[in-house]
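Sequential numbering from 97 applies to the sequence shown in full-length UniProt numbering. The beta carbon of each residue, even a glycine, is placed where N, CA and C say it ideally should be.
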Amino acid sequence: ICPEVQEEIDEFMASFQELDLHYKIVSKTGEGTFSSVYKAIDLQYNSYVNEWDLDERTAEYYSPRSKRHRLNQAKEKRVKYVAIKKIYVTSSPQRIHNELELLKDLTGSKNVVSLITAFRHLDQVIAVMPYFRHVDFREYFRKLSIIEIQRYMRSLFTALKFVHAKNILHRDIKPTNFLYDCAKGRGVLVDFGLAEREEYDGVCPCTRARGPPPKPVAPVGGYPKNDQRPSKRANRAGTRGFRAPEVLFKCNRQTTKIDIWSAGVILLTFLSKRFPFFNSPDDIDAIIEMATVFGRAKMRACAALHGAVFETAIPTISEKGHSLSRIVEWATSRSKNDPLSLEEKRALVFLEKTLDLDHRKRLSAAEALEDPFLTNIGA
Ligand code: ADP
Ligand code: MG
């Protein structure tokens, strides 16, 4: 551990009453937008662990006996690692409560993180979860074979099926929130900080509440000025590059299908070997980025679904757009001598079904798991 991180850990432990009776932090494992996460040993899991001094790197116990003996002892006593998520005190109490509440409801899937316990001391709240070993996405996303990609996606969709069956939307599906262990072929979905319960009655109110889509008022070649139409508001929480079109078009009743879109973006990242694939920080630019791939016709239809209008004067955006196969060919600089393999083509057929601009036609997680791409792994 570098001195600055050690200092941060010491300060945290000193500030949080009696936390050191329960846990011994061994390293910092991650930092997100809303938290810092530490890897720690659960001292209560084996109360006698306290009696030994712990080697921080391997969690073997110091003892005068042989190394093998110590190793066996450590195995028998199964040191349990936990992840301690220190939620930044600037997060609203509602937000923290929501995350803990949803985590509590999500117990029971090996692909979804569970909550062991949570503590509060003054304004600081921490969530304690099992620790999952994982590899940084950037280290492996270009290297995975199609079979490994299938395993990854099956793991992710299994997590989503479980979450969606409880009518919960994750809202922030992206590689840093899906901790994947390449060696084991197992992934765990984490970070329910933006998750929410689905309130979907089967009717998208975008068109219902607003009547027919407004007539375009945009003059060719610019944003509309003095636009009299009422502005539209919707939850757009999530991460740039992973937002579904209905989020960008400010749909008021977003469904679990927004997570399927984001999972599709991860698959597109694998196949195109480009990360991040979409990258616009701003929603309008993100719509343009999407239009560059999918074309004007589909974007217009998608906008209309959500009571919006899509118009652009950008000449490089074609009417019909491009197939995802073409996009992947371009991204990976394929030539006639190096065409897409049969496996890649199969993956692309599946990809098209997860990146459907129309959320109603987009696969659900349960349907995705029935798809040949995820049932015949390696076939
Ligand atoms: P944030 O809401 O701040 O994004 P996350 O819950 O996504 O917080 O955690 C941030 C990072 O911490 C993750 O990307 C991951 O690297 C690490 N992390 C989170 N939970 C665990 C866990 N249970 N086991 C191991 N590492 C974790
Ligand atoms: Mg996160």
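Under the rule that 16 or more other beta-carbon atoms within 10 Å means buried, what is residue i, buried or exposed?
i       : result
His-193 : exposed
Thr-254 : buried
Arg-267 : buried
Asn-322 : exposed
Val-231 : exposed
Gln-246 : buried
Asn-433 : exposed
Ile-356 : buried
Gly-324 : The identity of residue 324 in the sequence shown is Gln, whereas the question assumes Gly. By the neighbour-count rule (16 or more Cβ atoms within 10 Å), Gln-324 is not buried but exposed.
Gln-102 : exposed
Arg-458 : buried
Pick helix, strand or coil for residue i, following the three-state DSSP scheme.
i       : result
Arg-325 : coil
Glu-127 : strand
Tyr-236 : helix
Ala-462 : helix
Tyr-260 : Sequence check: residue 260 is His here, not Tyr. Three-state DSSP puts His-260 in a helix.
Glu-147 : With a pLDDT of 42 at Glu-147, under the threshold of 50, the modelled position of that residue is not reliable, and no figure is offered here.
Val-445 : helix
Phe-469 : helix
Ala-365 : Position check: residue 365 holds Thr in this sequence, whereas Ala was assumed. In this structure, Thr-365 counts as helix in the three-state DSSP scheme.
Leu-275 : strand
Tyr-157 : At Tyr-157 the pLDDT is 45, less than 50, meaning the model places this residue with poor confidence; the figure from the coordinates comes in the next sentence. If DSSP states are grouped into helix, strand and coil, Tyr-157 belongs with the strands.
Ser-132 : strand
Ala-333 : coil
Ile-183 : strand
His-217 : strand
Val-101 : helix
Gly-204 : coil
Ile-269 : coil
Residue i CB to nearest chain C CB: under 7 Å?
i       : result
Lys-432 : Absent here is chain C; the protein component of the structure consists of one chain.
Looking at the ligand MG, does it come within less than 6 Å of residue i, judged from the CB to the closest heavy atom?
i       : result
Gly-128 : yes
Asp-287 : yes
Asn-331 : no
Asn-322 : no
Asn-375 : no
Asn-273 : yes
Considering only the alpha carbon of each residue, which of the options lies closest to residue i?
i       : options                            : result
Ala-397 : Glu-415, Leu-117, Phe-373, Glu-244 : Glu-415
Thr-450 : Thr-186, Pro-341, Asn-433          : Pro-341
Ile-243 : Val-424, Gly-289, Leu-367, Ala-400 : Leu-367
Asp-452 : Pro-411, Gly-360, Glu-440          : Gly-360
Glu-463 : Ile-473, Ala-387, Thr-351, Leu-256 : Leu-256
Asp-378 : Ser-358, Arg-216, Ala-333, Ala-393 : Ala-333
Does the Cβ-Cβ distance between residue i and residue j come in under 7 Å?
i           : j       : result
Asn-263     : Glu-294 : yes
Ile-97      : Ser-123 : yes
residue 476 : Asn-375 : Only positions 97 to 475 of the chain appear in this structure, which leaves residue 476 out of reach.
Phe-258     : Val-224 : no
Asn-331     : Cys-302 : no
Ser-421     : Leu-444 : yes
Quick check: does the Cβ of residue i come within less than 6 Å of any heavy atom belonging to the ligand ADP?
i       : result
Asn-194 : no
Val-224 : no
Asn-207 : no
Ala-179 : yes
Phe-390 : no
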